[in-house]
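Every position in the sequence shown, counted from 1, becomes a number in our numbering once 14 is added.
Think of the CB as a built atom: it goes at the ideal place given N, C-alpha and C, for glycine as much as any other residue.
Just below is one structure, and these are the notes that go with it.
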Amino acid sequence: MMTRLLICLTILQAGFLNAQEISLVPQPTRVDPQKGVFTLDGNTRIICTRQCQAEASWLKSHLTHVTGLDLALSTGKRARRNAIQLTIDPSLDMKTDEGYTLTVKASRVDIRATGKAGIFYGIQTLRQLLPVDTSARTAARADWAVPCVEITDQPSYPWRAMMLDVSRYFFDKDYVKRYLDIMASHKLNVLHLHLVDDPGWRVAISKYPKLTEVGAFRGKGEKRYGGYYTKDDIREFVAYAAKLHIDIVPEIELPAHIQSALVAYPWLGCTGQALEVPTTQYISKEILCAGRESTYQFLEDVMAEVVELFPFKYIHIGGDEAKYDRWKACEHCQAKFKAEGMSELHELQGTMTRRIEKFLSSKDRCMIGWDEITSMGLSPDAAVMTWHRPETAVKAAQAGNKVVMALTGHAYFDTPESKLPGEPPAATWLPPITLKKAYEWEPAPAVLKGQARKNILGAHGCMWTDRFMHNPILQDVPALNEERSYDYVEYLSLPRMAALAEVTWTPQDQRGWLDFEQRMKQQYNRYSQTGYNFRVPLPKVSKPVKADQGYRITAECLVDRARICYTTDGTYPNSYSRVYEKPILVNDPQKFQAITVVNERHVSLAFSFPKDKP
């Protein structure tokens, strides 16, 4: 009798896992659930081909950390049972080295790919197949069962990125690593570091030490704020990123958004006047002098050191929002303007842009810049990052340039998700970008076909940090508020980073908002277990239905293991309010409010019906 009971429990467990646990973000290209489970235990071995030993070591370290199991790792022959096998297989039919197959059987797990990146992404999928507790920061006791499944997967776009603005607010190297970890778990593969802007220069340049000695700090006395990355810091997090199969794009702004450099070396500007590093956010009229050869030599010197630190193919040169007031009054700029027969001041910027592009090309690098550079006479080797209008991307792609989409309406994550009371302060110059809006778009404009469509490399989420300068609660006492500031970045990044990940990974015809919303229920728990901050989704509440004794309200919790707490008297709910268990009757829907409670730290804003419009 006991034997039969155990068999029944095993069958039920296998069925439950297959029905409930295959909830992956981003959604793989093909998922075929199978019967049964693979159970990880102390005797499980990790076996790999020699080419992917680093990825195998990463998996071993992660599993040991979260399960407490010290799994054996070896290279060599395939094991028949109780093993996780990682194999580089050039014969696989994949369009990219980032593709992989993942097969989970009751006896073993197989991850195969044509390249190391594919092995790594297969590992990320395996992590999501494991129980949510394997996302915990410390070893936990659990039944480490993985549902049997066959997965074939590869990304839709080669560029899946986030940008972190470290100029307006300085994030130390350890936080950069943490952000890289968050990205890797979403299969993102490019981090764009906005290293230079008016409020701060963040990368050490040996030939120009004042860039960081002076330009990396703003304010005076107790309000002095800043920091920078030494060359060793950069080498450290570049190497860390490489282990996660993430490339880092450095951005050195020119000719504008670079007042921090002009403060350090006034001769770089048109006036030569002493300036201060801005302590508030605005678009400065200060600009590099385009008429002096010394400016170009400075830029080439800086770029020469930058390319030594960052091995990725692309170097970002900014190029946006340049004001030409100084050039109009500068004798050197005007002399160059007239000598070269120019008719518009933006041609001066074009001259500077093309020269830096040529210099980067001599270093086997490609220039990328914001979409303003499309009017600068680019070569086909230059890439464009579009933030304004999709039609700019269309023209660039049709002209043969590679394009990355970073559209303000979908990918500027420094904007809030809503205008609800209690939403943390965020950028206000754009309408809120809801999770749904971050999800429902396609990077490649539909009008593009053939090679022009292939020129759309992918998409780019942007995390600007203007609000860190404007909001005193975030930096009035930096030492005390540093953790809060990091939480703020994660709150704005998550879960919208997950939407970006699926937009860039999963084919458009296999994406659907309602399905994504359901799969995210488990993802929120992984965020919580890992210690990431995130915006908790509000309860999903249906429109009130008139009943005999009031109005019936039905709600759905959008986070697994969470609960909905509500009030019906107009007061704001908290974690001690009544717990929603089934549809309820209320007299006045206008007084109904509800929150999602994950834990003490993670609680949503309150849902309420619009006034007079239940």
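Remark: C-beta atoms of Pro269 and Met366 approach each other more closely than 8 Å.
In this model, Asp111 and Ser357 are separated by some 48 Å (Cα to Cα). Rounded to the nearest whole angstrom, the C-alpha separation of Ala397 and Ala159 is 45 Å. Here the C-alpha atom of Thr448 lies approximately 8 Å from the C-alpha atom of Arg510.
Only buried fits Glu516, as 16 or more other CB atoms lie within 10 angstroms of its CB. Given a length threshold of 3 residues, each whole run of the beta strand (DSSP E) inside the region 82-139 is given here in chain order: 86-89, 97-102, 114-118 and 122-127. DSSP places Arg59 inside the beta strand (DSSP E), whose first and last residues are Arg59 to Cys62. DSSP, read as helix, strand or coil, puts Met366 in helix. In terms of CA proximity to Trp72, Ala131 leads the group Gln537, Ala131 and Val45. Per the Cβ contact rule, the region 563-581 is not in contact with the region 73-81 (fewer than 3 Cβ pairs under 8 Å).
A distance of 8 Å or more separates the beta carbons of Pro587 and Ile567. The beta carbons of Gln168 and Asp212 sit about 41 Å from each other, so the pair does not count as a contact at 8 Å. The residue among Glu267, Met399 and His259 with its C-alpha nearest the C-alpha of Pro325 is His259. DSSP places Gln607 in the strand class (E or B) of the three-state scheme. A distance below 8 Å between beta-carbons, with the five flanking residues on each side excluded, links Gly283 to the following residues of its chain, in chain order: Leu276, Leu289, Glu300, Ile301, Leu302, Cys303 and Arg340. A distance below 8 Å separates the beta carbons of Val217 and Tyr243.
Apart from sequence neighbours up to five positions away, the residues of its chain that approach Pro42 with a beta-carbon distance below 7 Å are Thr139, Ile165 and Asp167, ordered along the chain. Ile219 is a Cβ neighbour of Glu319, given a cutoff of 8 Å. In this structure, DSSP gives Ile165 an extended state, which the three-state scheme calls strand.
For Gly464, the secondary structure class from DSSP, reduced to helix, strand or coil, is helix. Just measuring C-alpha positions, the residue of Thr81, His208, Ala255 and Tyr580 sitting nearest Ala198 is Ala255. With a threshold of 16 other beta carbon atoms within 10 Å, Tyr594 meets it and is buried. Around the C-beta of Pro430, 16 or more other C-beta atoms lie within 10 Å, and the residue is accordingly described as buried. Taking 8 Å as the upper bound for CB-CB distance, Glu69 and Leu100 are in contact here, some 6 Å apart. Counting C-beta atoms within 10 angstroms of its own C-beta, Gln563 has fewer than 16 neighbours from the protein chains shown and is therefore classed as exposed. Burial state of Lys416 is buried, judged by a 10 Å Cβ sphere holding 16 or more other Cβ atoms.
Taken through DSSP and simplified to helix, strand or coil, Pro47 comes out as strand. Per DSSP, the continuous beta strand (DSSP E) segment holding Lys416 begins and ends at Lys416 to Met419. Sorting Arg369, Glu265, Asp179 and Phe351 by C-alpha distance to the C-alpha of Tyr500 places Asp179 at the top. Ala93 and Ala86 have their C-alpha atoms some 12 Å from each other. Using a 10 angstroms sphere on the CB of Pro435, the tally of other CB atoms stays under 16, which defines it as exposed. The alpha-carbon of His346 is positioned some 21 Å away from that of Ala278.
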